[in-house]
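Protein chains in written order, with full-length UniProt numbering: chain A, 1 to 507; chain B, 1 to 118. The beta-carbon is built from N, C-alpha and C at its ideal position, and this holds for glycine as well. Beneath this line is the structure, given in structure tokens, with notes to follow.
Written as structure tokens, this is what we have:
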């Protein structure tokens, strides 16, 4: 087979280098390099997905070293989904960042390196290689969070770094335990060797606990989520959209990969603490995350706590480990990434248009910025799980999966979470569409009437004021809203394409 | 009890370092000391893995040496992990320089007090 899986990881690195070098001569050329790189990346990712989603899962040996001694890259439905998701969301956020900034070439270099890290995490089939990509993702995410102006983003970045490194180190320690127990690092090989060592071995059990808790930090499960609200709220809008939609998502994918491919469902059956650890963390995250989201007054912090709760759903689906729940998990990962990314972009758009970042600033937004408010409304309803948006299908499959597994308590918590999600989004909808705009609200940084449509600005000229709303920004938000609704139609086809992968993961 | 600990002296030290590092990251108010704590924590993990590769009476993994050899793989892995650790430290110190320039202090409690007021 072709070298596509490796090229997908290498291409953004090359783009990052070109962007950095071009910055020496041409200031602000970074965006064009990133756009070109990511366009090629999307094309490659689609070709990769055509491979991964058709037929049985395959693999690719890096440098032709014999597996399990060399690094293996996985080509299956789940990794293909993540690769496409990363490439498409990165390109979409890039359309937003064109005008919203940050604009330095160094920013776009880091941006592309983050894409490398995320793509690498998605395709790798080697537990230590996963650590390296986890740290590449982490390092670039810390740098991007800190790329905002002022002290707040630097403090948020440092906090993220301290907590995130702690999580990655725990993961490394867990992989070390597994290595000491088995002497191998290849995921497929590890699962056979761990079974041979025996699931009763304290080494194997400690390895599971360290790896899972380490990845919980990266996914931001309660109570290990403390880095997340500040990291999302303190960073520039384009960065918070990119990180909120991708970094936790791909970390959750890594958790699924490690738990199902390395430790296998038999481990969850054999070890009494494994399944309750996942299920209890999931349930607590769902409830507490929603509760904290209701209490927030800053929009981006509210969205961050909403992520804590939504990833609770993903881990809940993982804990029941059946085919229906796994399909729901994959759908919810994609749906959440699109919707949460779109919501952060919409929040940025509103902040640029009318200058408000708190819940009370959204009064009467429906008349001040109709397009942004409509997109925001569609995305929030999708997040709550109103059909036909994709958020509905993810939750539906997960609930059916938990019922099939007989996990009634978990099913109740998930249904309750829908109400809780409604609790924090409904007050925004009410403010946007059923309240009058406060007097004098039109004096935002940009004229709302012009800002909303975006036609008043010529994107190519680049001469308009820095604080204005551009066509690219509006287009990115509307595209996310349309995708959130449109992807629902693709669910049946996706489910059948994912079936062979799910079968292998659960065997 | 003592014998068990002496036999595993390397592991005991590695986990002491883990504990000390974790305590520094969480307990110390100075941002630079938090980063030092993070380094100590990571060093604990590195030493733990390196110690696991040791085989009593074995020689270095060179073709010119007679076997049996100690396991070379953990050394290579940890070399990578050390590189990652150095980059992390560099980014962390860069951020701390920015924070100090902004707030004029390295104490985490004062920084959060000032930045909450924004």
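Neighbour flag for residue i against chain A, beta carbons, 8 Å
{"i": "residue 102 of chain B", "result": "yes"}
{"i": "residue 60 of chain B", "result": "no"}
{"i": "residue 13 of chain B", "result": "no"}
{"i": "residue 4 of chain B", "result": "no"}
{"i": "residue 110 of chain B", "result": "no"}
{"i": "residue 77 of chain B", "result": "yes"}
{"i": "residue 55 of chain B", "result": "no"}
{"i": "residue 10 of chain B", "result": "no"}
{"i": "residue 25 of chain B", "result": "yes"}
{"i": "residue 19 of chain B", "result": "no"}
{"i": "residue 16 of chain B", "result": "no"}
Which listed residue (the options) has its alpha carbon closest to that of residue i
{"i": "residue 20 of chain B", "options": "B:37, B:90, B:95 and B:47", "result": "B:37"}
{"i": "residue 99 of chain B", "options": "B:31, B:49, B:39 and B:76", "result": "B:31"}
{"i": "residue 376 of chain A", "options": "A:387, A:362 and A:388", "result": "A:362"}
{"i": "residue 72 of chain B", "options": "B:60, B:91 and B:82", "result": "B:60"}
{"i": "residue 111 of chain A", "options": "A:132, A:354, A:407 and A:20", "result": "A:20"}
{"i": "residue 141 of chain A", "options": "A:386, A:269 and A:165", "result": "A:165"}
{"i": "residue 344 of chain A", "options": "A:158, A:108, A:474 and A:493", "result": "A:474"}
{"i": "residue 90 of chain B", "options": "A:316, A:143 and A:253", "result": "A:143"}
{"i": "residue 163 of chain A", "options": "A:178, A:177, A:151 and A:138", "result": "A:138"}
{"i": "residue 506 of chain A", "options": "A:489, A:39, A:280 and A:264", "result": "A:264"}
{"i": "residue 382 of chain A", "options": "A:412, A:300 and A:484", "result": "A:484"}
{"i": "residue 262 of chain A", "options": "A:97, A:416, A:207 and A:160", "result": "A:207"}
{"i": "residue 112 of chain B", "options": "A:197, A:418 and A:159", "result": "A:159"}
{"i": "residue 161 of chain A", "options": "A:135, A:93, A:279 and A:189", "result": "A:135"}
{"i": "residue 401 of chain A", "options": "A:319, A:303 and A:349", "result": "A:319"}
{"i": "residue 286 of chain A", "options": "A:368, A:364, A:196 and A:421", "result": "A:421"}
{"i": "residue 105 of chain B", "options": "A:81, A:155, A:195 and A:181", "result": "A:155"}
{"i": "residue 246 of chain A", "options": "A:190, A:479 and A:220", "result": "A:220"}
{"i": "residue 168 of chain A", "options": "B:69, B:81 and B:49", "result": "B:81"}
{"i": "residue 480 of chain A", "options": "A:374, A:504 and A:301", "result": "A:374"}
{"i": "residue 431 of chain A", "options": "A:470, A:410, A:68 and A:299", "result": "A:299"}
{"i": "residue 7 of chain B", "options": "B:114, B:64 and B:56", "result": "B:56"}
{"i": "residue 191 of chain A", "options": "A:226, A:202, A:438 and A:126", "result": "A:126"}
{"i": "residue 202 of chain A", "options": "A:224, A:233 and A:274", "result": "A:274"}
{"i": "residue 288 of chain A", "options": "A:424, A:487 and A:88", "result": "A:424"}
{"i": "residue 255 of chain A", "options": "A:372, A:237 and A:79", "result": "A:79"}
Residue i - partner residues in DSSP beta bridges
{"i": "residue 61 of chain A", "result": "A:72"}
{"i": "residue 69 of chain B", "result": "B:59"}
{"i": "residue 107 of chain B", "result": "B:30"}
{"i": "residue 298 of chain A", "result": "A:358"}
Short CB-CB distance (under 8 Å) between residue i and chain B
{"i": "residue 166 of chain A", "result": "yes"}
{"i": "residue 158 of chain A", "result": "yes"}
{"i": "residue 454 of chain A", "result": "Caution is warranted here: a pLDDT of 38 is assigned to residue 454 of chain A, below 50, making its placement in the model unreliable, and the coordinate value is therefore given only provisionally. For residue 454 of chain A, the answer is no, since every Cβ of chain B falls outside 8 Å of its Cβ."}
{"i": "residue 9 of chain A", "result": "no"}
{"i": "residue 161 of chain A", "result": "yes"}
{"i": "residue 151 of chain A", "result": "yes"}
{"i": "residue 169 of chain A", "result": "yes"}
{"i": "residue 154 of chain A", "result": "yes"}
{"i": "residue 497 of chain A", "result": "no"}
{"i": "residue 232 of chain A", "result": "no"}
{"i": "residue 305 of chain A", "result": "no"}
Expected contact under 8 Å - CB spacing of residue i and residue j to nearest Å
{"i": "residue 86 of chain A", "j": "residue 250 of chain A", "result": "7 Å"}
{"i": "residue 325 of chain A", "j": "residue 243 of chain A", "result": "Not quite, the Cβ-Cβ distance comes to about 26 Å (not below 8 Å), so this is no contact."}
{"i": "residue 313 of chain A", "j": "residue 258 of chain A", "result": "The Cβ separation is near 19 Å, so there is no contact."}
{"i": "residue 270 of chain A", "j": "residue 177 of chain A", "result": "So it is not a contact: roughly 17 Å between Cβ atoms."}
{"i": "residue 74 of chain B", "j": "residue 53 of chain B", "result": "4 Å"}
{"i": "residue 406 of chain A", "j": "residue 102 of chain B", "result": "About 54 Å; that fails the 8 Å criterion."}
{"i": "residue 303 of chain A", "j": "residue 347 of chain A", "result": "7 Å"}
{"i": "residue 222 of chain A", "j": "residue 294 of chain A", "result": "At roughly 14 Å, the Cβ-Cβ gap does not stay under 8 Å, so residue 222 of chain A and residue 294 of chain A are not in contact."}
{"i": "residue 14 of chain B", "j": "residue 48 of chain B", "result": "4 Å"}
{"i": "residue 103 of chain A", "j": "residue 28 of chain A", "result": "6 Å"}
{"i": "residue 498 of chain A", "j": "residue 330 of chain A", "result": "6 Å"}
{"i": "residue 370 of chain A", "j": "residue 55 of chain A", "result": "That pair is no contact at about 46 Å."}
{"i": "residue 34 of chain B", "j": "residue 25 of chain B", "result": "5 Å"}
{"i": "residue 511 of chain A", "j": "residue 73 of chain A", "result": "Beyond the ends of chain A as shown, which are 1 and 507, falls residue 511 of chain A; an answer cannot be given."}
{"i": "residue 419 of chain A", "j": "residue 411 of chain A", "result": "With 8 Å as the limit, residue 419 of chain A and residue 411 of chain A do not qualify as a contact, their Cβ atoms being about 14 Å apart."}
{"i": "residue 437 of chain A", "j": "residue 238 of chain A", "result": "Incorrect: roughly 27 Å between the Cβ atoms, too far for contact."}
is_contact[residue i, chain C] using C-beta, thresh 8 Å
{"i": "residue 63 of chain B", "result": "The displayed structure is made up of protein chains A and B, and chain C is not among them."}
request  = Below 7 Å between beta carbons is the criterion; list the residues of the region 353–366 of chain A that meet it against any residue of chain B, in chain order.
outcome  = none
message = Residues of the region 125–139 of chain A in Cβ contact with chain B at a cutoff of 7 Å, in chain order, please.
response = 128, 132, 135 and 139
key: Contacting positions in the region 32–51 of chain B - beta carbon closer than 7 Å to chain A   = 34, 38, 41, 42, 45, 48 and 49
message = Which residues of the region 171–183 of chain A have a Cβ closer than 7 Å to any Cβ of chain B? Give them in chain order.
response = 172, 173, 176 and 180
key: Short-range partners of chain A found in the region 79–108 of chain B, where Cβ spacing is below 7 Å   = 80, 81, 84, 87, 88, 91, 92, 95, 96, 98, 99, 102 and 103
Residues of the region 12–29 of chain A with Cβ closer than 9 Å to any Cβ of chain B, in chain order = none
task = Note down, in chain order, all residues in the region 101–122 of chain A with a beta-carbon under 7 Å from any beta-carbon belonging to chain B.
result = none
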